[in-house]
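Here the sequence shown stands for residues 1 to 312, where the numbers follow full-length UniProt numbering. Heads up, the beta-carbon is just placed ideally off N, CA and C, and yes, glycines get one too. Some notes on the structure that comes next.
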Amino acid sequence: MAKSEKIIDLMIIGGGPAGLTAAIYASRAKLNMVLLEDAIVGGQVRTSYSIENYPGFKSIEGGKLADLMQEQALELGATIDEFDLVERVDFSDKEKIVETTSYIYKPKAVIIATGATPKKIPVPNEEKFSGKGIHYCAVCDGAMYEGKVIGVVGGGNSALEEALFLTKFASKVVMIRRYDYFKGEAATLEEVLHHPKIEVMYNWDLVDVSGEKFMESAKIKNTNTGEEKEIQMDAIFGYIGTEPKTGHFKDYVNLTPQGYILADESTRTNIKGVYAAGDVREKQFRQITTAVADGTIAALDAEKYILEAKRG
């Protein structure tokens with residue numbers, strides 16, 4: 001059967017903080033809009049155990065913050081379509097097409113807010129032990145390792161925050177850090193360094209993991225001396241950065257060599273009526289607050305663009 005066509009004002013692709021904020025503003029503007037999310041609404045925020053740098057909340061669970069954003073958008077009249085996958089897009093200054101599993105949408109404007117996914121740990125056995133010792137979401141999988149030794153690889157805020165969260169389950173958390181410093185917030189680092197369950201191994205790099213059906217040990221290498229050793233470990237959680245989800249858009253919008261969408265501070269891309277908001281956009285800082293700002297700006301500019309297009 002041929003797919004039904006839907007003519008709408010605005011298509012928002014991605015349901016993290018940037019997409020949800022855009023949906024809130026678009027709904028308040030009474031735009032005929034649809035937000036598409038190919039997984040669970042909330043993005044990476046939903047997998048964060050605790051958020052302590054979002055204005056208005058001294059501390060809030062990531063899932064709770066995502067729920068509040070989603071509820072607000074829905075109460076304002078936003079249409080949110082979860083799990084309807086984008087199959088292809090076709091963007092030009094004159095026409096935008098977004099084909100999903102169910103429909104062919106023809107929006108006047110599009111906001112790309114697809115975010116980014118965790119980078120895989122670059123070790124030979126990553127695929128073999130993915131989900132069987134190698135993980136990327138402490139909130140999702142940490143409880144599997146009650147009383148076990150858990151490793152964390154990474155040097156930013158995410159690594160520090162998730163190491164603290166994993167102490168709820170682990171008998172010991174080992175932070176494997178290839179350099180002699182971290183890039184996270186001073187207050188979080190201080191908490192990590194003084195936590196009795198956390199051991200920080202500076203100047204060590206993860207080389208590989210091994211085991212039978214599940215991970216049983218990690219091989220690490222000293223980045224100064226070259227010494228290698230194997231340590232007993234039941235799991236490794238990786239926080240070594242993210243990769244933007246821009247596969248569907250690479251033939252249309254301009255990207256950086258790393259795959260992030262090039263857009264100015266108004267979030268406009270090289271195509272009229274197509275915007276990039278949140279972690280998918282090339283920018284210096286990627287925080288929930290900067291994603292929310294992007295979503296606001298994109299929706300307001302899109303509203304103006306759509307009204308001008310309707311006037312002809």
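Taking the DSSP output, what are the residues bridged to residue i?
i: residue 237; result: 135, 152
i: residue 174; result: 151, 199
i: residue 8; result: 107
i: residue 81; result: 36
i: residue 255; result: 261
Considering only their Cβ atoms, is the gap separating residue j from residue i smaller than 9 Å?
i: residue 104; j: residue 98; result: yes
i: residue 204; j: residue 183; result: no
i: residue 113; j: residue 24; result: no
i: residue 8; j: residue 36; result: no
i: residue 142; j: residue 170; result: yes
i: residue 234; j: residue 149; result: yes
Helix, strand or coil for residue i? Go by DSSP, reduced to three states.
i: residue 107; result: strand
i: residue 123; result: coil
i: residue 158; result: helix
i: residue 184; result: coil
i: residue 358; result: Any answer about residue 358 is impossible in this case: the structure gives the chain only from 1 up to 312.
i: residue 260; result: coil
i: residue 2; result: coil
i: residue 37; result: strand
i: residue 271; result: coil
i: residue 332; result: Nothing can be reported for residue 332: it is not among the residues displayed for the chain, which extend from 1 to 312.
i: residue 116; result: strand
i: residue 229; result: strand
Could you tell me how far apart the beta carbons of residue i and residue j are, in whole angstroms, since I believe they sit closer than 8 Å?
i: residue 69; j: residue 17; result: 7 Å
i: residue 155; j: residue 136; result: 15 Å between Cβ atoms; not a contact.
i: residue 144; j: residue 175; result: Not quite, the Cβ-Cβ distance comes to about 19 Å (not below 8 Å), so this is no contact.
i: residue 160; j: residue 138; result: The pair is not a contact, with the Cβ atoms about 11 Å apart (cut-off 8 Å).
i: residue 134; j: residue 238; result: 7 Å
i: residue 15; j: residue 45; result: With 8 Å as the limit, residue 15 and residue 45 do not qualify as a contact, their Cβ atoms being about 10 Å apart.
i: residue 108; j: residue 273; result: 6 Å
i: residue 275; j: residue 269; result: 6 Å
Does the region 61 to 74 touch the region 293 to 303, meaning 3 or more C-beta pairs lie closer than 8 Å?
Here the region 293 to 303 makes no contact with the region 61 to 74; the two share fewer than three CB pairs at distances below 8 Å.
Inter-stretch contact at 8 Å, needing at least 3 Cβ pairs: the region 281 to 300 / the region 42 to 58
Taking 8 Å as the limit for Cβ pairs, the verdict is that the region 42 to 58 does touch the region 281 to 300.
For the region 208 to 216 and the region 82 to 99, state whether three or more C-beta atom pairs, one from each stretch, are separated by less than 8 Å.
Flag = no, the region 208 to 216 and the region 82 to 99 do not touch.
Spell out a yes or no on whether the region 234 to 249 and the region 274 to 282 are touching, meaning 3 or more CB-CB pairs, one atom from each, closer than 8 Å.
These segments touch.
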